[in-house]
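Enquirer: Per the numbering used here, residue 41 is the first one in the sequence shown, and the count goes up by one each step. Where a beta carbon is used, it is the ideal one built from N, C-alpha and C, also for glycine. As the structure is a computational prediction, the values presented were derived from the model and not from experiment. Okay, here's the structure, questions in a sec.
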Amino acid sequence: MSESIKFRVSIFVAAIVLLVLLIAWTAHISWRRMSELHEHLSAQQWKSFQLADHLQQAILGLNNKVLRYAAYQDLEDWTNFDSASKELNRWINGQQPILSAEKELPLLDQISAAYRDYLASAMAINAKIYSTHRSITRLTELGDFEKQSDRILDLGFKLSTAHQESLESFRVQTLQSLDILRFVLSGLLILLLAAGGWLAVVVYRDMIAPMQVQLVESRRLAEQQEKLASLGMLAAGVAHEIRNPLTAIKAWLYLQQKHLKPGTPEFADAEIIGVEINRLERIVKDFLQFARPSEPQFAVVSAEQPLREVQTLMEPGLEKSKIKLVLDGVAQAQIRIDPQQIKQVLINLVQNAADSIGKNGTVTLRARLDEKRLNERQTDVVILEVSDTGNGISPEAEKRLFDPFFTTKDFGTGLGLPIAARIVEKNQGALQYQTQADRGATFGIILPLHKP
């Protein structure tokens, strides 16, 4: 797996984990808010009911004590009133932490002020009884006290109503926040599904699909290697059996040519036989090279060196067919190769390009840097390319391009590209090509970049 794929998969996995954590956090916050709402409403609603009821019961109890004291002048009643009034005062002051809404606190202050007036009215009744030593039974004398009592009870009911309104506001706000959390949770779930789908697409596109292609390529290469091995053994045997008779025939032909006069039909026939014998020797040589390619003698050279030597060697011959051989875009890099073997491959590729062009065209040599999978790993490579402006490779020929003994030329063994591919493999590289109808072809020798 390449570093870029690992990085992208790591990012996707981290995003999915983050989304899962956000979903879990959102769900936790939602449940907590629901629990808080339930507990708050249950407790505070009960307190709101207790608020008015307790204040009402306490004021009515104080009223009874004051009225009993006013009627019977029993000091115990006043003592009980004084104790109960102080307790109610502490209770009123204790409601401030509970009542935090904007409408509740002003009402609580009004209740505190009204309660002070209520106590003052009760103290006035006590002072009047103490000074006159008589009971107070007329309503006119208790009017202010009754008025202050009604005022407190009315404020208590208003406070209860305001408390209910604050609870309703809290409930609405909580429900709104829960709606937002539900919306966020739904969005996160959608993003999670999208990220999962995206991750599946990336894994399939960048990992599974290339592995399938690589598996097919590996199977094809294995079959090709098996075929090449069998053909190599056959070629070695055939070449060995043919070389000895050819040598004898060539020697006898040489002896016979000495007795023939130049210009005679017999001498011309002997020359034709010699040419065919040479062609057979070349075929035998190709067979032997295909069967037993020599081991490379590695040396570290610049990527430009084999290209420059091939240009110098083949440029004069190609000029006769009005084909330009140009060197363009050479990367400054070093490669570890057998220079003679790679030069032989380049010569073969240049000759094939020239044969494809025929006349009036251009063959371009270049070297460029890239990163490719080579020898089962991703690595930095140098690609030596041979591009032509010929007719390209037909789909029928492309299917059998590297098959031994397959050729589209009138005179050819069909071993040029298979031998070139084997030589490149011996040099720890690979041979690739790109072609397009009527736009030529580009063959590339992929070699590992040498890093000192």
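With a threshold of 7 Å on Cβ separation, who are the neighbours of A371 within its own chain once the five nearest residues in sequence on each side are excluded?
Expert: Closer than 7 Å at the Cβ level, and outside the excluded window around A371, lie A343, A407, R408, L409, V422.
Enquirer: Can you tell me the Cα-Cα spacing of L59 and K412, whole angstroms?
Expert: So the alpha carbons of these two residues sit roughly 35 Å apart.
Enquirer: My assumption, with CB atoms under 8 Å, is that I375 sits in contact with L487. Please give the rounded CB distance.
Expert: 5 Å
Enquirer: Which residue from L424, I69, D378 puts its Cα closest to that of I33?
Expert: Since the first residue of the chain shown is 41 and the last is 492, residue 33 is not available in this structure.
Enquirer: Kindly give me the distance between the Cβ atoms of R191 and A154, rounded to whole angstroms, as I take these residues to be in contact under 8 Å.
Expert: Sure, about 5 Å apart at Cβ, within 8 Å.
Enquirer: Which one or two residues does DSSP pair with K364 in a beta bridge?
Expert: T402
Enquirer: Nearest-angstrom Cα distance between G456 and N415?
Expert: 23 Å
Enquirer: Count the other C-beta atoms from every protein chain shown that fall within 10 angstroms of the C-beta of E281, then say buried if there are 16 or more, exposed otherwise.
Expert: It is exposed - the Cβ of E281 has fewer than 16 other Cβ atoms within 10 Å.
Enquirer: Which same chain residues end up closer than 8 Å to K364 when comparing Cβ atoms and leaving out the 5 residues on each side of it in sequence?
Expert: Excluding its 5 nearest sequence neighbours in each direction, K364 has C-beta neighbours in its own chain below 8 Å: L358, G401, T402, V403, listed in chain order.
Enquirer: I need the boundaries of the alpha helix (DSSP H) containing R130, first residue and last residue.
Expert: Looking at the DSSP string, the run of the alpha helix (DSSP H) that includes R130 is 115 to 134.
Enquirer: Flag this pair as yes or no: are the beta carbons of Q381 and P435 separated by less than 9 Å?
Expert: Q381 places its beta carbon 9 Å or farther from that of P435.
Enquirer: Does the Cβ of N104 have 16 or more other Cβ atoms within 10 Å, making it buried, or fewer, making it exposed?
Expert: Flag for N104 reads exposed.
Enquirer: Given a cut-off of 9 Å, decide if A460 and S427 are closer than it, judged by their beta-carbon atoms.
Expert: no
Enquirer: On the three-state DSSP scale, how would you describe S427?
Expert: Of the three classes helix, strand and coil, the one that applies to S427 here is strand, per DSSP.
Enquirer: Is DSSP giving E281 helix, strand or coil here?
Expert: Per DSSP, reduced to three states, the secondary structure at E281 is helical.
Enquirer: Going by CA-CA distance only, name the one from A481, D184, V212, L147 that's closest to T201.
Expert: L147
Enquirer: Identify which residue in L353, K301, M163 has its Cα closest to the Cα of T119.
Expert: M163
Enquirer: Roughly how many whole angstroms lie between the Cα atoms of K298 and A291?
Expert: 11 Å
Enquirer: Using only alpha-carbon positions, find the residue among D395, Q468, L107 that is nearest to L489.
Expert: Q468
Enquirer: I need the boundaries of the alpha helix (DSSP H) containing I459, first residue and last residue.
Expert: Counting along the chain, I459 sits inside the alpha helix (DSSP H) bounded by residues 456 to 466.
Enquirer: Classify Y170 as buried or exposed, calling it buried when 16 or more other Cβ atoms lie within 10 Å of its own Cβ.
Expert: exposed
Enquirer: DSSP state of A83, grouped into three classes?
Expert: In this prediction, A83 scores a pLDDT of 47, lower than 50, which makes its location untrustworthy; no coordinate-derived value is stated.
Enquirer: If I follow the unbroken beta strand (DSSP E) through G432, where does it start and stop?
Expert: Segment: none, G432 is in no beta strand (DSSP E) and carries neither H nor E.
Enquirer: I'd like to know whether the C-beta atoms of L389 and F483 end up nearer to each other than 9 Å.
Expert: Cβ distance < 9 Å, so L389 and F483 count as in contact.
Enquirer: May I ask which residues mark the beginning and end of the beta strand (DSSP E) holding R376?
Expert: 374 to 377
Enquirer: By how many angstroms is the C-alpha of K449 removed from the C-alpha of G314?
Expert: 22 Å
Enquirer: Taking just the CA atoms, how far does R417 sit from Q476?
Expert: Distance between the alpha carbons of Q476 and R417 is about 29 Å.
Enquirer: State the beta-bridge partners of I486 as determined by DSSP.
Expert: I423, A470
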